[in-house]
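Novice:
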Amino acid sequence: MAVHYRTQGLILKKSDRGEADRVFTIYTEDFGKLEILARAIRKIKSKLRGGADLFYLSEIEFIQGKTHKTLTDAILINSFKNVRSDLERLEVAYQIAETLDNLTPPEEKDEQIWQLTRKVFQKLNNYEIKNSLKIKNLKLKIIYYYFFWNLVSILGYQPELRKDSLCDKKIDTDLAKILKIILKRDWQTLSRLKIEPRHFKLLKSASEWYNKNIVSSAYEE
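Heads up, the sequence shown is in the numbering used here, so the first residue is 273 and it goes up one at a time.
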């Protein structure tokens, strides 16, 4: 008799398979990142449709077969409606999901990563922004950088920050201050901080450099 496993999970990716199946990449509370096959979910009458879709937070049940895991139940907890209906928020969600998928190994439980991911999606969904579209995009982007730098720190790659350097690489003093606030997980201060467009360019450049030269290079060793 097959053993049924239950846990909460956030759906990061989906890809269609065959005529009606779908494979989900799900970051779960109890098992880390999993790939799970949902049979016949694309059929209109599928009982799984209401609880399993991209960027859904759901309580899921699955069984482990010889070659793959199969989804047997999915109960929606939070659809993150604002994320799914807003192109700017959706873009950030895809970026978060891709980074999480690329940097985490399969089937390794990590409570810190689970809590970070769940809370970041809540922030992305609930963050109220009344500024122009340009300012809105920048403010949403800070959520991604908050996620990226705290994720790599959890993974063991916390940067060495000094007044004007990142791992002995000279950086802008303002950027160093922003990164320190991010790494303290002081979201209240970060969300109220006046961050200019040039700071986002610096954040983007520093994040890409760090991911390529520190994090990714360590994975290749």
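The C-beta atom is built at its ideal place from N, Cα and C for all residues, glycine as well.
#1: Along the chain, which unbroken stretches of the alpha helix (DSSP H) at least 4 residues long are found entirely within the stretch 395-481?
#2: Give me the DSSP bridge partner(s) of Phe-334.
#3: Secondary structure at Leu-348, three-state DSSP: helix, strand or coil?
#4: In whole angstroms, give me the CA-to-CA distance for Ile-357 and Ile-486.
#5: Evaluate Gly-290 with the Cβ neighbour count: other Cβ atoms within 10 Å of its Cβ, from every protein chain shown; 16 or more gives buried, anything less gives exposed.
#6: Count the other CB atoms within 10 Å of the CB of Pro-469; is the residue buried (16 or more) or exposed (fewer)?
#7: Check whether the stretch 344-352 touches the stretch 408-424, taking contact to mean three or more Cβ pairs, one atom from each stretch, closer than 8 Å.
#8: Per DSSP, which one or two residues make a beta bridge with Ala-310?
#9: Considering only DSSP beta bridges, list what Arg-289 is partnered with.
#10: What does DSSP give as the partner residues of Leu-284 in its beta bridges?
#11: Does the distance from the C-beta atom of His-276 to that of Thr-339 stay below 8 Å?
#12: Please report the straight-line C-alpha distance between Trp-481 and Trp-421, rounded to a whole angstrom.
Specialist: On the basis of the supplied data:
#1: 405-424, 445-455 and 459-464
#2: Tyr-277 and Leu-343
#3: strand
#4: Checking the displayed sequence, the identity of residue 357 turns out to be Ser instead of Ile. If I take the Cα positions, the gap works out to 35 Å.
#5: exposed
#6: exposed
#7: no
#8: Arg-294
#9: Asp-293
#10: DSSP, once it has assigned bridges, lists no residue as partnering Leu-284.
#11: no
#12: 12 Å
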